[in-house]
Amino acid sequence: MGLEIIGIPRSNFVRTVRMCAEEKGVPHENIAEMPHSDAVKAINPQGQVPVMRHDGLELCESQAIARYIDTAFDGPPLVPTEPRAAAPINRWVAATAVGVDQLLMRNYVVEYVFHKDEDGQVVRTKIDRAIKRFPRMMAMLESAVADGYLGSSEFSMADCFLMPILNATQLFPEGQEAVAGSPALKAYFDKVAERDSFKNTAPE
Ligand SMILES: N[C@@H](CCC(=O)N[C@@H](CS)C(=O)NCC(=O)O)C(=O)O
0 MGLEIIGIPR SNFVRTVRMC AEEKGVPHEN IAEMPHSDAV KAINPQGQVP VMRHDGLELC
60 ESQAIARYID TAFDGPPLVP TEPRAAAPIN RWVAATAVGV DQLLMRNYVV EYVFHKDEDG
120 QVVRTKIDRA IKRFPRMMAM LESAVADGYL GSSEFSMADC FLMPILNATQ LFPEGQEAVA
180 GSPALKAYFD KVAERDSFKN TAPE
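Structure below.
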């Protein structure tokens, strides 16, 4: 059976693993399941997306899925094989999937999209706390992309984790302003956004 990536396309982590598949040239089917659907919980008891199915293997957790796609298929490596070259990529994959995602997605984008009061107004408590931490986050990312890509002078798996987050962050005013005010980060985003892997995984 071919590669199935299960989870709604607007999830940043679903887009990450789809970008990995695209970069490797691996055809895949995206099955747009919501988190906590029965189909997702059958693979991940925590109900989070993405989950993956391939040739009898079922897997959850975006970092595990990305590494499986990278190592199980032919195509350009998304993490260098040489340990010292791999080290910064692994560092930025982890930092992005945890700390960057927590601030920019969970405490900002997700609050804008899902946390509304009974009149349908966005509840800004967490958002207002999050945006105070934007300057330090943007400064960290600005210096991390100084060599052209995230922690590297070459495209890697780390970029597949960061790009969907940066894209979603810029859908809201403070996020757009923060990225626009970080020239290296904005130039990085605009450059990587030209890749087919990014374009072909855009949520409808
Ligand atoms: N550690 C998980 C996190 C995945 C995650 O947070 N997915 C979000 C969508 S982007 C989700 O399923 N949220 C629903 C929930 O946490 O209940 C991974 O890397 O796959």
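Per numbering that gives the first Met the number 0: the sequence shown = residues 0 to 203. Beta carbons are placed, not taken as given, at the ideal position from N, Cα and C, and that holds for glycine.
Inter-residue Cα distance where the pair is residue i and residue j
i: Leu-103; j: Asp-73; result: 33 angstroms
i: Pro-82; j: Ile-130; result: 36 angstroms
i: Ile-88; j: Glu-117; result: 43 angstroms
i: Thr-80; j: Gln-175; result: 35 angstroms
i: Asp-127; j: Val-39; result: 32 angstroms
i: Ser-196; j: Ile-64; result: 16 angstroms
i: Leu-149; j: Ala-183; result: 11 angstroms
i: Lys-198; j: Val-122; result: 31 angstroms
i: Asn-43; j: Ser-142; result: 35 angstroms
i: His-27; j: Ala-201; result: 15 angstroms
i: His-35; j: Gly-119; result: 24 angstroms
i: Arg-105; j: Thr-124; result: 13 angstroms
i: Gln-101; j: Glu-57; result: 26 angstroms
i: Asp-146; j: Ile-68; result: 26 angstroms
i: His-53; j: Glu-193; result: 29 angstroms
i: Ala-186; j: Cys-59; result: 32 angstroms
Whole-number beta carbon distance between residue j and residue i, since they are thought to touch under 8 angstroms
i: Val-191; j: Met-162; result: 5 angstroms
i: Glu-32; j: Ile-5; result: 5 angstroms
i: Pro-8; j: Glu-173; result: Incorrect: roughly 24 angstroms between the Cβ atoms, too far for contact.
i: Val-108; j: Met-136; result: Not really, about 13 angstroms apart at Cβ, beyond 8 angstroms.
Given residue i as reference, the closest of the options once Cα atoms are compared
i: Gly-55; options: Val-121, Gly-1, Ile-126 and Ala-177; result: Gly-1
i: Thr-70; options: Ala-38, Gly-24 and Val-50; result: Gly-24
i: Leu-165; options: Asp-146, Leu-140, Gly-150 and Gly-147; result: Leu-140
i: Ala-138; options: Val-48, Gly-147 and Ser-181; result: Ser-181
i: Ser-61; options: Val-97, Ala-84 and Gly-147; result: Val-97
i: Pro-263; options: Ala-20, Glu-203 and Glu-3; result: Because the chain in this structure spans residues 0 to 203, residue 263 falls outside the shown range and cannot be described.
i: Thr-95; options: Thr-124, Met-33 and Phe-160; result: Phe-160
i: Val-48; options: Arg-66, Pro-202, Arg-14 and Val-78; result: Arg-14
i: Glu-22; options: Arg-9, Arg-66, Gly-46 and Gln-45; result: Arg-66
i: Arg-51; options: Glu-153, Val-16 and Ala-179; result: Strictly speaking, residue 51 in this sequence is Met, with Arg absent from that position. Comparing Cα-Cα distances from Met-51 to each of Glu-153, Val-16 and Ala-179, the minimum goes to Val-16.
i: Phe-171; options: Phe-133, Ala-85 and Val-144; result: Phe-133
i: Ser-152; options: Cys-59, Ala-85, Asn-29 and Ala-41; result: Ala-85
i: Asp-37; options: Gly-46, Ile-30 and Asn-29; result: Gly-46
i: Arg-90; options: Asp-158, Phe-188 and Ser-10; result: Asp-158
One or two residues paired with residue i in a DSSP bridge
i: Glu-28; result: Glu-3
i: Cys-159; result: Answer by DSSP bridge pairing: none, since Cys-159 is not bridged.
i: Ser-151; result: Tyr-148
i: Met-51; result: Ile-4 and Leu-58
i: Lys-115; result: Val-121
Residue-level contact to chain C via CB, residue i, 8 angstroms cutoff
i: Arg-90; result: This model lacks chain C altogether; it includes just one protein chain.
Are the stretch 165 to 183 and the stretch 105 to 113 in contact at 8 angstroms, needing three or more beta carbon pairs?
Cβ pair count under 8 angstroms is three or more, so yes.
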